[in-house]
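Visitor:
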Amino acid sequence: AQRVTQPEKLLSVFKGAPVELKCNYSYSGSPELFWYVQYSRQRLQLLLRHISRESIKGFTADLNKGETSFHLKKPFAQEEDSAMYYCALGGSGNTGKLIFGQGTTLQVKP
Amino acid sequence: EAGVAQSPRYKIIEKRQSVAFWCNPISGHATLYWYQQILGQGPKLLIQFQNNGVVDDSQLPKDRFSAERLKGVDSTLKIQPAKLEDSAVYLCASRRQGAGELFFGEGSRLTVL
Numbered sequence: 079a080q081r082v083t084q085p086e087k088l089l090s091v092f093k094g095a096p097v098e099l100k101c102n103y104s105y106s107g108s109p110e111l112f113w114y115v116q117y118s119r120q121r122l123q124l125l126l127r128h129i130s131r132e133s134i135k136g137f138t139a140d141l142n143k144g145e146t147s148f149h150l151k152k153p154f155a156q157e158e159d160s161a162m163y164y165c166a167l168g169g170s171g172n173t174g175k176l177i178f179g180q181g182t183t184l185q186v187k188p
Numbered sequence: 014e015a016g017v018a019q020s021p022r023y024k025i026i027e028k029r030q031s032v033a034f035w036c037n038p039i040s041g042h043a044t045l046y047w048y049q050q051i052l053g054q055g056p057k058l059l060i061q062f063q064n065n066g067v068v069d070d071s072q073l074p075k076d077r078f079s080a081e082r083l084k085g086v087d088s089t090l091k092i093q094p095a096k097l098e099d100s101a102v103y104l105c106a107s108r109r110q111g112a113g114e115l116f117f118g119e120g121s122r123l124t125v126l
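Chains as they are written, first to last, in the working numbering: chain A, 79 to 188; chain B, 14 to 126.
#1: Please report the distance separating the alpha-carbon of Cys165(A) from that of Pro74(B).
#2: What separation, rounded to the nearest whole angstrom, lies between the Cα atoms of Gln54(B) and Gly113(B)?
#3: Could you name the residues of the same chain whose beta carbon sits closer than 8 Å to that of Leu111(A), not counting the 5 residues immediately before and after it, in chain order?
#4: Quick check: what's the CA-CA separation for Ser108(A) versus Glu27(B)?
#5: Any heavy atom of the ligand FMN closer than 7 Å to the CB of Ala166(A)?
#6: Tell me whether Asp69(B) sits in a helix, a strand or coil according to DSSP, three-state version.
#7: Does the structure place the segment 86-94 of chain B close enough to the segment 32-46 of chain B that three or more beta carbon pairs sit under 8 Å?
#8: Short of 8 Å in beta carbon distance, which residues of its chain neighbour Gln185(A), apart from the five on each side in sequence? Order them along the chain.
#9: Output, in chain order, the set of chain A residues within a Cβ distance shorter than 9 Å of Val67(B).
#10: Looking at the secondary structure, which residues open and close the beta strand (DSSP E) in which Asn142(A) lies?
#11: How should Val17(B) be labelled, buried or exposed, when 16 other C-beta atoms within 10 angstroms of its C-beta is the threshold for buried?
#12: Identify, in the order they occur along the chain, each residue of the same chain with its Cβ nearer than 6 Å to the Cβ of Phe78(B), setting aside the five sequence neighbours on each side.
#13: Quick one: what's got a C-beta closer than 7 Å to Leu123(B)'s C-beta in the same chain, skipping five residues either side?
#14: What is the C-beta distance between Thr146(A) and Tyr163(A), in whole angstroms, given that I count them as a contact (C-beta under 8 Å)?
#15: Please determine, among Leu99(A), Ile177(A) and Lys93(A), the residue with the shortest C-alpha to C-alpha distance to Gln61(B).
#16: Say whether chain B places a C-beta atom closer than 8 Å to the C-beta of Lys175(A).
#17: Apart from the five residues on each side of it in sequence, which residues of its chain come closer than 7 Å, Cβ to Cβ, to Gln110(B)?
#18: If I follow the unbroken beta strand (DSSP E) through Val97(A), where does it start and stop?
#19: What beta strand (DSSP E) runs, 3 residues minimum, are completely inside the segment 113-166 of chain A?
#20: Name the chain B residues that come within less than 8 Å of Gly179(A), Cβ to Cβ?
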């Protein structure tokens, strides 16, 4: 079965500290992984996708097929990074259908 | 470009009543999705349209939920009769055909009393 697990509901760090939001997935085919973010009072939006292999707002994520993980990392957290982060799995066939994890609230304290 | 528009933003109804939500996707986006997000959970896909055809409605509770996209643009999602467990945010998203990211609307928050 296709599944996305984000084990932490809340991650609280101080400004300048490193951040790692964990995401594990279960999928038998060739996965597409995404991170979506929802800032306070804003709509859900794409942060990054694994196929782009890019860094957005200082965040990176590497797909590890052996560990079936797609953890989101940032070396130095900023207060404006405080938001809800969702890991999402897209299956094959390019339908755009996404399976979301439960989300992790990142709280960056001053 | 204008984003995905949804209405109403908030709706409170009694159980067994009916409710309808409306979505206008980004112009030119052929694919439209309705997601249900219950408090504390991630969004869950209810139905996916490609133009005016249904691609996936496997998780839509068809005894009470219905959705349509008659002209391949706007879409409505209806719940009749509503249950307490339908309290959630209903998110609409759209995507250009075949590629690209999903763009989400602000959502419609439903409270069933």
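No residue lacks a Cβ here, since even glycine has one placed at the ideal position from N, Cα and C.
Guide: According to the structure data:
#1: 25 Å
#2: 24 Å
#3: Cys101, Tyr103, Arg127, His128, Ala139, Leu141, Phe148, Cys165, Ala166, Leu167 and Gly168
#4: 44 Å
#5: In terms of ligand content, the structure shown is empty, and the ligand FMN therefore cannot be addressed.
#6: strand
#7: yes
#8: Result list for Gln185(A): Leu88, Leu89, Ser90, Val91 and Ser160, in chain order.
#9: Within chain A, no residue comes near Val67(B); the closest Cβ sits about 12 Å away, beyond 9 Å.
#10: Note, Asn142(A): premise wrong, no beta strand (DSSP E); not H, not E.
#11: With 16 or more neighbouring CB atoms inside 10 Å of its own CB, Val17(B) falls in the buried class.
#12: Cβ-Cβ distances below 6 Å link Phe78(B) to Ile92 in the same chain, with the five nearest sequence neighbours on each side left out; the list follows chain order.
#13: Lys24, Val32, Asp99, Ser100, Ala101 and Tyr103
#14: The pair is not a contact, with the Cβ atoms about 18 Å apart (cut-off 8 Å).
#15: Ile177(A)
#16: Taking 8 Å as the CB threshold, Lys175(A) lines the interface with chain B.
#17: Ala43 and Thr44
#18: Val97 to Leu99
#19: Complete beta strand (DSSP E) runs here, min 3: 123-127 and 150-152.
#20: Gly55
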